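Novice:
Numbering (the numbering used here), first residue to last: 4 to 251.
1) Rounded to whole angstroms, what is the Cα-Cα separation between residue 35 and residue 130?
2) Between which two residues does the beta strand (DSSP E) containing residue 16 stretch?
3) Alpha carbon to alpha carbon, how far is residue 27 from residue 64? Give it in angstroms, no decimals.
4) Under the three-state reduction of DSSP, which class applies to residue 222: helix, strand or coil?
5) Select from 136, 236, 218 the residue whose C-alpha is nearest the C-alpha of residue 43.
6) If you pair each beta-carbon of the region 184-201 with each one of the region 48-63, do three or more pairs fall below 8 angstroms?
7) Would you say the region 116-134 touches the region 152-167, given that touching needs at least three Cβ pairs under 8 angstroms?
8) If you follow the alpha helix (DSSP H) that residue 112 is in, where does it begin and where does it stop?
9) Measuring alpha carbon to alpha carbon, tell me which residue in 234, 236, 227 is nearest residue 38.
10) According to the neighbour-count rule (16 or more other Cβ atoms, all chains shown, within 10 Å of its Cβ), is residue 171 buried or exposed?
11) Where does residue 61 land, buried or exposed, given buried means 16+ other C-beta within 10 angstroms?
12) Determine the closest residue to residue 102 out of 125, 110, 246, 73, with distance taken between C-alpha atoms.
13) If residue 220 and residue 99 are in contact, beta carbons under 8 angstroms, what's the gap, nearest whole angstrom?
14) So what does DSSP say about residue 201, is it helix, strand or coil?
15) Give me the Cα-Cα distance between residue 144 and residue 109, rounded to the nearest whole angstrom.
16) Between which residues of its own chain and residue 210 is the CB-CB distance below 6 angstroms, once the five residues before and five after are set aside?
17) Does the beta-carbon of residue 4 have 16 or more other beta-carbons within 10 angstroms, so that it is buried, or is it exposed?
18) Would you grab the beta carbon distance between residue 252 and residue 88 for me? Rounded to a whole angstrom, and I think it's under 8 angstroms.
19) Return the residue from the list 161, 213, 147 that minimises the CA-CA distance to residue 181.
20) DSSP three-state label for residue 93, please.
As structure tokens, this is what we get:
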């Protein structure tokens with residue numbers, strides 16, 4: 004029997020007033036699949052992944068996450084968010100809490116995990132992103148790359164089945180970008196289902212199972228990296244890659 008997809012979009016549409024942000028999106032993401040979404044600014048990439056945990060509600064079509072048909076019922080939204088972790092462009096760490104406090108806040112206060120258990124898990128995951136030595140520090144004492152690695156550990160503390168990354172390196176310097184991409188590559192190697200909005204094409208070529216190229220709210224193509232980075236890609240994708248190469 005065929006395994007149920009981790010995420011399934013079926014003719015999904017999203018509007019902001021009269022603006023049609025996502026147009027009849029059809030996309031199925033298998034469990035353990037790594038998807039990189041790219042495209043020009045305003046193409047709908049971030050909106051698409053933010054629909055997955057209902058940060059952005061869709062107006063028509065169907066969206067199924069880990070077998071749950073997503074609607075506007077609070078219980079359904081909570082069930083989906085318990086399965087989906089997300090890292091944003093800006094780290095959104097709570098400034099008055101330590102690194103350890105940021106990682107344990109939601110498990111303790113939202114999910115009822117005992118403090119000792121939450122702290123033990125947090126330390127394991129901070130070690131995984133090489134931040135266990137900074138557990139007692141506050142966000143302002145960390146570099147941007149360190150804060151983003153803490154943000155990833157914080158998301159993993161909820162034991163998600165799916166991880167969403169919304170341009171996680173766009174606000175970082177080159178050294179910090181390398182640190183964060185290394186962590187994300189490790190997650191991919193462990194089989195985590197991932198959807199990542201990024202323009203880091205080296206990462207996409209190395210890690211992605213498929214690259215989804217978007218423009219004007221539509222999916223232009225969703226193909227393996229060896230197709231996307233070849234003459235087999237659609238003309239619009241090739242022009243996008245050429246522009247990125249000119250800016251590097």
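The beta-carbon is built from N, C-alpha and C at its ideal position, and this holds for glycine as well.
Computed from a prediction, not measured in an experiment: that's the story for all the values here.
Specialist: Let me spell this out:
1) As a working mapping, residue 35 is identified with position 32 in the chain shown. As a working mapping, residue 130 is identified with position 127 in the chain shown. Going by the C-alpha atoms only, they are around 23 angstroms apart.
2) As a working mapping, residue 16 is identified with position 13 in the chain shown. From DSSP, the beta strand (DSSP E) with residue 16 extends over 10-19.
3) The count along the chain shown starts at 1 and reaches residue 64 at position 61. The count along the chain shown starts at 1 and reaches residue 27 at position 24. For the pair residue 64 and residue 27, the Cα-to-Cα distance works out to about 8 angstroms.
4) Taking the first residue of the chain shown as 1, we reach residue 222 at position 219. Residue state, collapsed to three classes: strand.
5) Locating residue 43 in the chain shown gives position 40, where the first residue counts as 1. Measuring from the Cα of residue 43, the nearest candidate turns out to be 218.
6) yes
7) The region 116-134 vs the region 152-167: in contact.
8) Reading the chain shown from its first residue, position 109 is the one you call residue 112. Where residue 112 is concerned, the enclosing alpha helix (DSSP H) stretches over 102-112.
9) Position 35 of the chain shown, counted from the first residue, corresponds to residue 38. Out of 234, 236, 227, 227 has the C-alpha closest to the C-alpha of residue 38.
10) As a working mapping, residue 171 is identified with position 168 in the chain shown. That one is buried.
11) Working through the chain shown from its first residue, we reach residue 61 at position 58. Residue 61 comes out buried.
12) As a working note, residue 102 is residue 99 in the chain shown. Answer by Cα proximity: 125.
13) For the purposes of this step, residue 220 is taken as residue 217 along the chain shown, with counting starting at 1. For the purposes of this step, residue 99 is taken as residue 96 along the chain shown, with counting starting at 1. Not a contact, Cβ separation roughly 39 angstroms.
14) If you number the chain shown from 1, residue 201 lands on position 198. Three-state DSSP puts residue 201 in coil, outside helix and strand.
15) Taking the chain shown and counting its residues from 1, the one referred to as residue 144 is at position 141. Taking the chain shown and counting its residues from 1, the one referred to as residue 109 is at position 106. It is roughly 22 angstroms from the alpha-carbon of residue 144 to the alpha-carbon of residue 109.
16) Position 207 of the chain shown holds residue 210. Contacts found: 37, 188, 191.
17) One-based indexing of the chain shown puts residue 4 at position 1. At residue 4, the pLDDT of 46 sits below 50, so the modelled position is not reliable and the matter cannot be decided from this model.
18) For residue 252 there is no data in the structure shown, the boundaries of the chain being 4 and 251.
19) Locating residue 181 in the chain shown gives position 178, where the first residue counts as 1. Ranking 161, 213, 147 by Cα distance to residue 181 puts 147 first.
20) Reading the chain shown from its first residue, position 90 is the one you call residue 93. Annotated three-state conformation of residue 93 is coil, per DSSP.
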